[in-house]
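Scroll down for the structure; my scribbles are underneath it.
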Amino acid sequence: MKMDSMYQEIILDHYKHPHGKGLRDGDAEVHHVNPTCGDEITLRVRLDGSTVADISYDSQGCSISQASASVLNDLLVGKQIGEAQQVQEAFLELMQSKGQSEGDEELLEDAIAFAGVSKYPARVKCALLSWMAWKDATAQALAETPVRESA
Amino acid sequence: MKMDSMYQEIILDHYKHPHGKGLRDGDAEVHHVNPTCGDEITLRVRLDGSTVADISYDSQGCSISQASASVLNDLLVGKQIGEAQQVQEAFLELMQSKGQSEGDEELLEDAIAFAGVSKYPARVKCALLSWMAWKDATAQALAETPVRESA
Amino acid sequence: MIHTPRPGLVVPGGAAASALDTDAIRKDFPILQRVLHDGKPLVYLDSAATSQKPRQVLDAVNAYYEQHNANVHRGVHTLAEEATALYEGARDKVASFVNAPSRDEVIFTKNASESLNLVANMLGWADEPYRVDADSEIVITEMEHHSNIVPWQLLSQRTGAKLKWFGLTDDGRLDLSNIDEIITEKTKVVSFVLVSNILGTINPVEAIVRRAQDVGALVVIDASQAAPHMPLDVQALEADFVAFTGHKMLAPTGIGVLWGRQELLEDLPPFLGGGEMIETVSMSSSTYAPAPHKFEAGTPPISQAIGLGAAIDYLSAIGMENIAAHEKEIVEYAVRRLQEVPDLKIIGPDTAEDRGAAISFTLGDIHPHDVGQVLDEQGIAVRVGHHCARPVCLRYGIPATTRASFYLYSTEAEVDALIDGLHTVRAFFG
Amino acid sequence: MIHTPRPGLVVPGGAAASALDTDAIRKDFPILQRVLHDGKPLVYLDSAATSQKPRQVLDAVNAYYEQHNANVHRGVHTLAEEATALYEGARDKVASFVNAPSRDEVIFTKNASESLNLVANMLGWADEPYRVDADSEIVITEMEHHSNIVPWQLLSQRTGAKLKWFGLTDDGRLDLSNIDEIITEKTKVVSFVLVSNILGTINPVEAIVRRAQDVGALVVIDASQAAPHMPLDVQALEADFVAFTGHKMLAPTGIGVLWGRQELLEDLPPFLGGGEMIETVSMSSSTYAPAPHKFEAGTPPISQAIGLGAAIDYLSAIGMENIAAHEKEIVEYAVRRLQEVPDLKIIGPDTAEDRGAAISFTLGDIHPHDVGQVLDEQGIAVRVGHHCARPVCLRYGIPATTRASFYLYSTEAEVDALIDGLHTVRAFFG
Ligand SMILES: Cc1ncc(COP(=O)(O)O)c(C=O)c1O
Ligand SMILES: Cc1ncc(COP(=O)(O)O)c(C=O)c1O
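This is how it looks when you write it as structure tokens:
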């Protein structure tokens, strides 16, 4: 079935057992919505100097957006901000490749499982939701660095 | 040529030599415009008791609208209002016949020359312009009967 | 010049049990022959979003462009006269389709959304007694399509009028228990959907219209999901305005209708200004043509109106009663079979009573996007999301629904395919 | 899925003297084979009102309906994705056709009239610094199409802003001698036509834009008669908004374009509210999607946009430079030959310099309606009347004009037919 290329085992695993889900303390919080389908995410970033100390999130949405948030957490937490941004850019590029790219496995690890999703324009936004939220939250955290307690 | 059925000799004659053109005293004056083509007419009606004493007009427009005003003047001046209204209704009916009617020659006289025009929806309004103006002016004259001097 | 439709034969004396010969009808729709990936035939269950088009409609549009195309009105040449006759002929067809007292009450727009915005804007710029201002109240419902929410929100923001709405009951119907508090003497306009595109609910027009008339409010009915599926009679509805959209009723995109009561159309101000809608123009001021032209600025959707006329011919030849009977049968079958699927919950009325041909549901906690995607792999096209009626999702505490919707060409076999598909979805995410 | 046009061959290295192979091009237009009454072949000289459509455009629209039709956006099924890709692909084509910096600056409307009304309404509801209010001035010209007059009259009536305009010179050009009095510090917006549909005049954009920029006014350009006929570059024009209409450039009716500068589209408020244009909706308030979607309420003109994309492919394959060169040649020939007809007076520039492919004229005191009618009997389709530009007729003291207009499929033989026809007209009414 063609859908096997979208719904890779890895994606289904992350969807059924998301990593790092739940809201914890952070330096910045953003709320992103995918108006096309109603997927939503509230995401917090906590920085520790130049390290991504934590990415916590509360989200609802389809398997793709859920799995992608889980993979995001897996991949970026613990990385230097610069490195993390590189991964984010590589993921964005992969998702915009319209099925033409396989992704850089060394950089993207589990996230290359999303290569198949890039063929489905309506789903690309689902996959990107948490990543764009992270980018936005990180920019805010870097700009202001006001420490924000959990609500 | 098909147009011969629209541009009857009679129509061309009235167009080239319009009867009763020019503004004279009247009991009511109206100004009607055909927005589709810019044909315009200022028309005055003078009543004498229940007789149509005069129909005077100043108009610009195509051969059809000019000829039709001339025929209107010919036919209605001197008639009793009731008779004149009958002629007007017969002419309206003829023009709305889409080429299906030949017109009642006894009632309409020269005006049956317009039967061919009724096939051309865009021109029907030209033929009707003066007749609708007359109807309107007569109604006003009857309603108010304020004697109106020429401007 | 005019195309007579040769639609699928209607089984003579067809009772509800077999109102339409769908085999014959389906042959008129080229796209229904389409085969998708892996050789799966298309099962199109998304007609509430847009309908497919029969050959007869495409032929009418092509014949227009290949033989008669010209700009309408104001032309004395043959093509212009033919194009005008075809365009205005389409207006006649719409007028008789909705039983309008006069053809001049039929305004062509680009879609139902424009029709509804047109009303909202007319009322914002109107003189008394129609003018909506800071003392006025506007009433809508919680089950409106965004196209019947946002125009009223904009009007309310721009005039200071208060926006109020009817809530929903748990089984997907309008809660009219507080109708006298919602519709009051201050209400200037009540606008509501005849058939909900997300819940499928058919609303009780009479109760609402009665109350609106009592307080002297205008009534606007969004018939976008009704006009394609059942007989529509604007006089029987006793509404002041009725809006619908061509693409959901076999016509091309780019054409909508606003029917309005003649005396209102005479009194209300224009919306868009431009060519065609004027009587006379000078640099400092203009006067406007009588309705419907007053509301049709610019070159109208000529071929789209002609396509809508052909669609109406096609629907009428089959008979709107027969179409409604056919859909009722399909919906009954679908409602029953859907409820056999474990964890499936219908959002909206769960019987075929007073409901249209769109059925929304959730499937356990599998997100509708995933449901739709896996169904698509099997060739089944359903819509997923909030269906431009997000307040309904909020009301029922769900992010989105999966919606299957039916039309004259839908079959029970397609319902069966959907049910099988849903079992596959469950297995996949189970 | 995407149709490559097979337009009439371009003569290689074609100079102005033979820029296009009209024989080949005419074969692409089914209607040009039409024979009218008495066996007269159609001589279509009314392209300024609306253009004819090549087979390639009709094919693209049919292919859409027969294979891909679905509502766009928000769909995960195959047809919805295909329809979305085709619709958004058309936006890309338009963006590159007008050299837009970003595809998001291209808004699909129903026609140029809606595009212009959209701008006028945005400015009426905008916040500072764009808001048009009682202290503002709006500038247009005396040669505007009604669609670029009435929206500004409505805006001026509704806001109290003052409407001003440039007058015309005796030879049909804009009188810019008093530009500094017309465009002042109070001017919020200047809207003018690039090529007049009645006079044929091509206006001096740069002088007007320069002055508008000096006083900080927005510039709106009505390119309805330019986009079909010459290369259009919104960046070179330095305008803020550019409007045009599909049906005059080989596309179906029901599709228009508004190009606008991105930061303006971000700052300005929406016009029509409804589905597609929102980000998120609750009963009490909504937020809007980014441009262009913010301005595209409801189901868009999907097949019409796809048709416009195919039209652009067709035009681009021939080359807008070549089309302009071909038309210039025809216009030169027509201007010369028309002036041979006794009593004929061209209304507008009487040379081919800075003029488009529409030529208006009067013929003695024979009314244009009569001219048009007798020409029609000979198979020649011209437009008569005020061409939705009545102030121009008032300015030149004439009730109406006869207008012949040309396009890429027009030939010198058709000009000859027109001249012969005009002699017949004179003989008839002489
Ligand atoms: C110069 C000009 N502007 C605007 C328009 C309006 O275009 P549309 O009627 O397609 O809205 C036209 C054509 O009618 C035109 O020639
Ligand atoms: C109930 C209802 N109202 C309004 C609309 C808007 O129709 P359109 O998108 O054609 O403007 C739709 C369809 O999308 C609908 O289902």
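Protein chains in written order, with our numbering: chain A, 355 to 505; chain B, 355 to 505; chain C, 2 to 431; chain D, 2 to 431.
We put the beta carbon where it would ideally sit given N, CA and C, even for glycine.
Neighbour flag for residue i against chain A, beta carbons, 8 Å
i      : result
D/R384 : no
D/A84  : no
D/E280 : yes
D/A127 : no
C/Q374 : yes
D/A290 : yes
Those residues which DSSP pairs with residue i across a bridge
i      : result
A/H386 : A/I395
A/K375 : A/Y411
A/R400 : A/D408
A/S417 : DSSP output for A/S417 lists no bridge partner at all.
A/W485 : In the DSSP output, where bridge partners are listed per residue, A/W485 has none listed.
D/W166 : D/I141
D/I360 : D/A405
C/V220 : C/V191
C/D47  : C/S406
D/I203 : D/V196
D/F245 : D/V258
Contact set for residue i: own chain, Cβ-Cβ below 7 Å, skip 5 residues either direction
i      : result
C/V416 : I331, Y334, A335, R338
C/F430 : I367, D371
D/L265 : D241
A/K452 : S472, K473
Sequence-distant residues of the same chain with beta carbon closer than 6 Å to residue i, five excluded per side
i      : result
D/S304 : V62, Y65
B/D393 : G415, S419, C480, L483
D/T188 : E138, V140, V216, A218
B/P500 : Low per-residue confidence applies at B/P500: pLDDT is 47, beneath 50, and the placement is therefore not dependable, though the value from the model is reported in the following sentence. Closer than 6 Å at Cβ, skipping near neighbours: no residue.
A/E503 : For A/E503, the pLDDT reaches just 40, beneath the cut-off of 50, and the residue's location in the model is therefore unreliable, although a value from the coordinates is still provided. The answer is none, since no qualifying residue turns up.
D/R92  : R104, V107
A/A444 : D458, L461, L462
C/G422 : L376, Q379, I381
A/M449 : S472, V478, A481, L482
Run of the alpha helix (DSSP H) containing residue i, from where it starts to where it stops
i      : result
C/I32  : Premise fails: C/I32 is in no alpha helix (DSSP H) and is neither H nor E.
A/L446 : 435 to 449
D/S287 : Run containing D/S287: none in the alpha helix (DSSP H); it sits in the beta strand (DSSP E), 287 to 289.
D/T300 : Taken as a continuous stretch (DSSP letters only), D/T300 belongs to no alpha helix (DSSP H), as it is neither H nor E.
C/T160 : 151 to 160
Limits of the beta strand (DSSP E) - the one that residue i falls within
i      : result
C/G40  : Here C/G40 belongs to no beta strand (DSSP E), and DSSP marks it neither H nor E.
C/G257 : 257 to 261
D/P346 : According to the sequence shown, residue 346 of chain D is Lys rather than Pro. Per DSSP, D/K346 belongs to the beta strand (DSSP E) from 345 to 348.
C/E280 : 279 to 282
Residue-chain proximity (residue i, chain C), Cβ-Cβ < 8 Å
i      : result
B/A481 : no
B/Y474 : yes
B/V501 : Its pLDDT being 42, under 50, B/V501 is placed unreliably by the model, and nothing is read from it.
Cutoff 8 Å: residue i Cβ touching any chain B Cβ
i      : result
C/G76  : yes
D/Q340 : no
D/Q392 : A small fix is needed here, since residue 392 of chain D is Pro in this sequence, not Gln. Chain B, which has no Cβ nearer than 8 Å to the Cβ of D/P392, makes this no.
Cβ-based neighbour list, residue i, same chain, cut-off 8 Å, excluding 5 preceding and 5 following
i      : result
C/P301 : V73, Y88, F109, E277
Interface flag, residue i vs chain D, CB-CB below 8 Å
i      : result
A/V478 : no
A/V387 : yes
A/T390 : yes
C/M123 : no
C/P232 : no
A/M355 : The pLDDT assigned to A/M355 is 46, lower than 50, so where the model puts this residue is not dependable; a value taken from the coordinates is nonetheless given after this. Cβ-Cβ to chain D under 8 Å: no for A/M355.
Sequence ranges, alpha helix (DSSP H) only - wholly within the segment 362 to 421 of chain D, length at least 4: 369 to 378, 391 to 396
Uninterrupted alpha helix (DSSP H) stretches inside the segment 62 to 115 of chain D (no shorter than 4 residues): 79 to 98
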